[in-house]
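Chains A and B are the protein sequences, given in the same order.
Be aware that the first sequence starts at 0, since it is given in numbering that gives the first Met the number 0, and climbs by one per residue.
Be aware that the second sequence starts at 0, since it is given in numbering that gives the first Met the number 0, and climbs by one per residue.
Read through the structure below, which is laid out as structure tokens, and then see the notes.
Protein chains: 2
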Amino acid sequence: MLRLSKLTDYAVVVLVQLARGGAVQTAPGIACATAVPEPTVAKVLKILAATGLVTSLRGARGGYRLARPLAALPVAEVIAAVDGPIALTACVDVSPVACEQQRSCPMSGRWLRVNEAIREALAGITLADMVGETGAEAARAAHPARLPQMTIEEAL
Amino acid sequence: MLRLSKLTDYAVVVLVQLARGGAVQTAPGIACATAVPEPTVAKVLKILAATGLVTSLRGARGGYRLARPLAALPVAEVIAAVDGPIALTACVDVSPVACEQQRSCPMSGRWLRVNEAIREALAGITLADMVGETGAEAARAAHPARLPQMTIEEAL
DNA sequence: ATATAAGAGGACCGGATAAGTCCTGATACT
DNA sequence: AGTATCAGGACTTATCCGGTCCTCTTATAT
């Protein structure tokens with residue numbers, strides 16, 4: 000399915016909310032504004048802070064703030080921050096011995112190119128791009144309520 | 000991680016082997032040639048046959064044959080055949096009600112564009128491309144033995 | 001006609017991995 | 001000093017994938 004984790008989805012939601020609010024916002028506040036469960040929001044924010052996509056302010060009146068504007072934030076970075084580096088797990092945890100037995104492992108390094116293509120595609124889209132697109136679509140659905148999985152069916 | 004399933008990896012190996020052998024090959028034969036466990040090869044072949052990427056011949060002296068040359072087989076199709084349509088599972092099994100509660104779901108349809116970008120990237124690479132690349136790399140590693148996960152580290 | 005080789009199609013079990021929750025500690029504002 | 005907030009980890013649960021096996025159908029060969 001080539002799917003990315005739900006956490007990544009949440010991360011985008013959270014980041015967009017941060018951009019919308021503008022100033023410093025607390026985790027509970029963002030949870031309230033986005034309907035994402037609060038512990039999950041906190042988790043996501045910690046991860047994003049650890050990777051530098053948001054900056055944190057501790058103490059009373061603390062919270063989180065975007066480190067960069069959405070326009071300077073490629074999706075690839077968000078995915079990499081939450082799910083780890085973008086990689087199509089090919090050839091992992093396979094003992095080299097098992098491979099040498101064959102005349103020539105027909106897979107060595109094959110996926111690098113594919114991986115690179117995906118990486119570039121994701122690097123070229125910023126969160127601002129994603130937000131902009133929905134604005135255009137808002138016309139055909141007043142209260143959109145996440146598209147069920149029309150996305151999936153029409154994907155390919 | 001944006002990872003694709005191991006089955007997809009196997010599918011590519013199997014398809015390449017099919018192309019290499021040329022004629023009709025049986026599942027056990029391919030398993031033997033690729034070191035992929037036989038039941039798994041059989042499973043992959045069934046899936047590929049069901050989606051028309053390979054054609055099957057039943058009965059004694061039966062086996063599998065490539066339906067198309069590798070050059071006409073984009074990676075996207077293989078992935079779609081094995082893992083299902085390419086989709087970044089966003090907005091799945093979330094009750095619409097929970098979403099309407101919010102002022103406006105900031106996620107509706109957001110991932111479509113990203114999804115499309117990936118789809119295009121994968122549609123542009125054929126299995127022949129993947130095979131060709133490795134041929135070029137064969138020089139720097141005599142018996143390659145699948146690159147561990149250098150792939151992952153360097154990915155982003 | 002019968003035996004045999006091969007694929008078709010499903011059911012099943014086990015293991016890995018993500019999702020989500022909670023707890024404890026550190027820090028800074030009031 | 002007190003309180004609000006983030007930091008960081010541990011833990012539980014659930015889901016999904018990987019892998020195996022069994023049975024049925026089909027077609028060739030003897």
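Each residue gets a CB set at the ideal place from its N, CA and C atoms; glycine is no exception.
- Residue A/Ala18 holds the alpha-carbon nearest to the alpha-carbon of A/Leu72 among A/Arg112, A/Ala116, A/Ala18.
- Cβ-Cβ separation between B/Ala10 and B/Leu47: approximately 6 Å, consistent with a contact (criterion under 8 Å).
- The CB of B/Arg112 comes closer than 8 Å to the CB of Ile124, Asp128, Met129, Glu132 in chain A, given here in chain order.
- Across the set A/Leu126, A/Ala116, A/Ile124, the C-alpha of A/Ala116 shows the shortest separation from the C-alpha of B/Asp128.
- Taking B/Ile78 as reference, the option from B/Ala66, B/Ala59, B/Ala122, B/Ala30 with the minimal CA-CA separation is B/Ala122.
- Collapsing the DSSP output to three states places B/Pro27 in a helix.
- The three-state reading of DSSP puts A/Gly131 in helix, counting H, G and I together.
- Across the segment 67-89 of chain A, CB contacts with chain B closer than 7 Å involve Val74, Ala75, Ile78, Ala79, Asp82, Gly83, Pro84, Ile85, Ala86, Leu87, Thr88, Ala89, in sequence order along the chain.
- Excluding its 5 nearest sequence neighbours in each direction, A/Gln16 has C-beta neighbours in its own chain below 7 Å: Ile29, Ala32, Thr33, listed in chain order.
- Around B/Leu121, the beta-carbon contacts reaching into chain A at under 8 Å are Val113, Ala116, Ile117.
- Among the residues of chain A, none has a CB under 8 Å from the CB of B/Leu52; the nearest is roughly 14 Å distant.
- The alpha-carbon separation between B/Ile124 and B/Ala70 amounts to approximately 9 Å.
- A/Leu1 belongs to the set of residues whose beta carbon lies under 9 Å from a beta carbon in chain B.
- No residue range can be given for A/Gly51, since it is assigned to no beta strand (DSSP E) and is classified by DSSP as neither H nor E.
- Taking a C-beta distance under 9 Å as the contact criterion, A/Arg67 and A/Leu52 qualify as a contact pair.
- A Cβ-Cβ separation of about 6 Å places B/Asp82 in contact with A/Leu1 under the 8 Å criterion.
- The three-state secondary structure of A/Arg19, taken from DSSP, is helix.
- One Cα belongs to B/Gly21, the other to B/Val12, and the distance between them is close to 14 Å.
- The Cβ atoms of B/Leu44 and B/Leu126 lie no closer than 9 Å to each other.
- B/Pro38 sits in a helix when the DSSP states are folded into three classes.
- Counted as a single uninterrupted DSSP element, the alpha helix (DSSP H) harbouring B/Leu111 occupies residues 110-122.
- The Cβ atoms of B/Ala59 and B/Ala41 do not sit closer than 9 Å to each other.
- DSSP places A/Gly62 in the uninterrupted beta strand (DSSP E) bounded by 62-65.
- Using a 10 angstroms sphere on the CB of A/Pro36, the tally of other CB atoms stays under 16, which defines it as exposed.
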